[in-house]
Each structure stands twice: as structure tokens, then as C-alpha cells.
Amino acid sequence: MDTPASGSSHAKIILIGEHSVVYHQPAIALPLPAVRENVTITLRKDNEQQLISRYYTGARHAGPQQLAGINHLIDELLTRFNAANVGFNLAINSHLPAERGMGSSAATAVAIIRALYRFFEQPLSHEQLLSDANISEKIIHGNPSGIDVATASASNPIWFVTGTQPSAIPFHLHGYLVVADSGIHGQTGLAVQAVAELRKHDLASADHAIKGLGQLTHAAKSALANDRLAELGVIFNRAQVLLRQLGVSHPRLETMINVANQNGALGAKLTGGGMGGCMICLAPDEATATRIRLALANEGVSQSWVQPLKSEETK
């Protein structure tokens, strides 16, 4: 406890299956170790507990309401460790944008948990990590699916079906994933409502798209396991057509997707809730990934990341 302790985590994106997952189809989430979050805890001589982050710096319990989930998580762990009156600085260094479908709240929880357990020299199993992370996620999201927490603490892609536990799937793929931020907050609630409205007015068309996305997700699982990058790119493009039919895309995303495909992407699609948020695309090599990022930057995209598609990070 006398020495600083740190914990880390990473972003996630939905590779495929967004929206259809609401209707009992599978989805695949992918960890993004290239987009990291780090938490460092340092002992203080007084009993003050200070948070240091890009959103807020100051006394922990005087922070804004957005920190309620994190504070409740910290309170629970401090009580468990019999350390409620221990003073510390907790610094959060995050490269994850909020409200972009990248799992920022889950990544923060995972990094804080790892740092606190190390600070107080407590053993931490993976099962305990998942359980603890849901303390804050329940406050922030009400009824979280568990996919964000599972992916923020994983090194392999995660297979998810509503009502079941997320599980890791085989990952053998070489290439590069480019993630680009539209600059528009994702509107998951509105997008989910739009799909529900479409099902009311044109059930056959909506369910055809939903079933198609489910079939593409199964195909993507096979492509991930068998190093079929070009096939996964085709799957991305087909999925985007169906997501567009469901009404969850956005003109800005469509422009970004076109730019990516015109600059060597093997396939591109929105990721997450849609109506904003992020676009993802596949590149066969680093040079192509760089070319795509530059083309997107010329189109006004200010934030993008490149993730090599190989499973190297340890848990």
C-alpha cells in the first residue's frame, strides 16, 4: 500500500451483430488493446481521497453525478478491504471517448478494480473482476448486458447472445482494424426504437435484415477463427447494407464508410448503436490502414485508431 499501484484495461467495439442482438441473434465484440485506459493509485498522508481525470479533478465524493457508479464501486471495495479512511490519489488516464460505443465506463471500472486490488495487495480472480465491475455498470446502465465488462478484460473476441454469459471465441486473423469516430454521439436508444418501429410497420423487411445479420455474425465467427480477412470484409459490407435498411446509420457514417472503401478497405460498417458513434473497417496491411486514416482526416475525422488483428495481450 505504501507504493503506487496501477491497473489497466482497454476499449471494445461491436464487430458485428449490433441491433440484431436485441432480437436473440448473436453478436461479436472485439477488445481494442490499442485504445487503453490506465489507473494509478498513490497513498496520501492525510485521509483525503482525490480523483484526477480529464472530466473532474478534486475530492472524490464532491464529483459530478456521472461519477456515482465509479464512486459506489470504490466505496464497496474500500469497505471490503476495511480501508474506508485510507487517503489516496486515484488518477485516471483514458484514451477512450465517451458515448461512442467503446465501453468507456466498463473500461474505467476494470482498470480501477485492478489498481485497487493491487494497491491493497489482495488476490483478484477473473470471476471476481467481472462481478465487481458490474457494481458500477448497474448504476450507470441499469441492466447491463455484461458484454462491455467481459470485453474490457479480455484478449479474445467475445461471443454474446442475450440471456447467456458472454464467452471467448477462437481468434486467428492477420490484418488491421481501423476505428474512426464520427464526432457525433451514438444514439443507441433512438436507434433501437427505430428498429422496433420498423418491425411494427414492415415486420417482414425488418426481420429479414435481423435474421441476415445473425447469419453474417455466424460467418464472421468462422472468418475470425480461420484467418479469412477478405471474407470478413465482405461480411462487413453486407452487414452495413442491412443496418442501413434497419434505419440505424447516419449520413456522416456513410461518408466515412465510402472514404474507407475508396482507399483500400476490405469492408466497412458502423459499430455499436449507430446514428452516430464510430465506423470500423478492415485493412490488409499497415500502409493501407494509414492511408485510410489520412483520407478520413482529410474528410474532417479528428479521432481514429488502428488495431493490429492478432491476439497478443495477456489478461
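Under my numbering, the sequence shown has 109 at position 94, and the numbering climbs by one with no breaks. Backbone N, C-alpha and C fix where the C-beta goes; we use that ideal spot for every residue, glycine too. It should be emphasised that the depicted structure is a prediction, and the values quoted were computed from it without experimental measurement.
Reduced DSSP secondary structure (H/G/I, E/B, other) of residue i
i	result
N108	strand
Y191	strand
G22	strand
Q230	helix
N53	strand
T286	strand
K27	strand
M271	helix
T177	coil
L82	helix
K330	Per-residue confidence for K330 stands at a pLDDT of 35, beneath the threshold of 50, marking its modelled position as unreliable; the derived number appears in the next sentence. Residue state, collapsed to three classes: coil.
Cβ-based burial, residue i [other Cβ within 10 Å; buried from 16]
i	result
N278	buried
D163	buried
T72	exposed
K325	exposed
V256	exposed
D70	Per the sequence shown, the amino acid found at residue 70 is Tyr instead of Asp. With fewer than 16 other Cβ atoms within 10 Å, it is exposed.
Q80	exposed
R27	For clarity, residue 27 is Lys in the given sequence; the question names Arg instead. With 16 or more other Cβ atoms within 10 Å, it is buried.
Q137	exposed
E327	Residue placement at E327 is flagged as unreliable, the pLDDT there being 43, under the threshold of 50; the coordinate-derived value follows with that caveat. E327 is exposed by the Cβ-count criterion.
R59	exposed
Beta carbon of residue i nearer than 7 angstroms to that of residue j
i	j	result
A165	P181	yes
I29	A42	yes
I150	E91	yes
G201	G116	yes
V263	A221	no
H34	R51	no
S68	I107	yes
L66	L105	yes
G32	T232	yes
Q322	L47	yes
L261	A234	no
Presumed contact (8 angstroms Cβ cut-off) between residue i and residue j, rounded CB distance
i	j	result
A148	A124	4 angstroms
H87	I154	6 angstroms
V274	L244	The pair is not a contact, with the Cβ atoms about 20 angstroms apart (cut-off 8 angstroms).
L188	D242	5 angstroms
Contact test: residue i Cβ vs the ligand SAM heavy atom, cutoff 6 angstroms
i	result
L45	As far as ligands go, the structure on display features none, and thus does not contain the ligand SAM.
Stretch-stretch touch, CB-based, cutoff 8 angstroms, three pairs: the region 190-197 with the region 281-300: yes
Cβ contact check for the region 222-241 and the region 269-286: 3 or more pairs under 8 angstroms: no
The region 20-27 / the region 80-97 touching (three or more Cβ pairs under 8 angstroms): no
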